[in-house]
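Q: There's a structure below that I have some questions on.
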Amino acid sequence: MAPERLLRPSEVAGRLGISRSSVYRWFWEGKLKGVKLVGGPVRIFESAVSEQMLDMDCPA
């Protein structure tokens, strides 16, 4: 099984049509699953973005 792709908040914002600050807020609220890497950057799992797109009825 291939490792899950991690996306930057700016990529997630573009895919979901929301602001980067909303991506961070949703991450901290647990609405988007991801990880906080050593040194501080946040990365969101691509599968979490796909799930959110389905919930929002966004085109793929």
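Residues 47 to 106 (the working numbering) make up the sequence shown, in order. The C-beta atom is built at its ideal place from N, Cα and C for all residues, glycine as well. All values reported here derive from a predicted model rather than from experimental measurement.
1. Exposed or buried, what is Leu-100 when buried is set at 16 or more other beta-carbons lying within 10 Å of its beta-carbon?
2. Would DSSP call Arg-51 helix, strand or coil?
3. Who are the near neighbours of Val-58 in its chain, counting only those whose CB is closer than 6 Å to its CB and skipping five residues on each side?
4. Hey, quick one: how far does the beta strand (DSSP E) through Val-81 stretch, first residue to last?
5. In the DSSP assignment, the alpha helix (DSSP H) including Ser-124 goes from what residue to what residue?
A: Quick answer:
1. Counting Cβ neighbours within 10 Å, Leu-100 comes out exposed, since fewer than 16 surround it.
2. Coil.
3. Answer for Val-58: Val-69, Ile-90, Val-95, listed in chain order.
4. Run containing Val-81: 80-82, per the beta strand (DSSP E) assignment.
5. The structure shown does not extend to residue 124, since the chain is modelled only from 47 through 106, so no value can be given for it.
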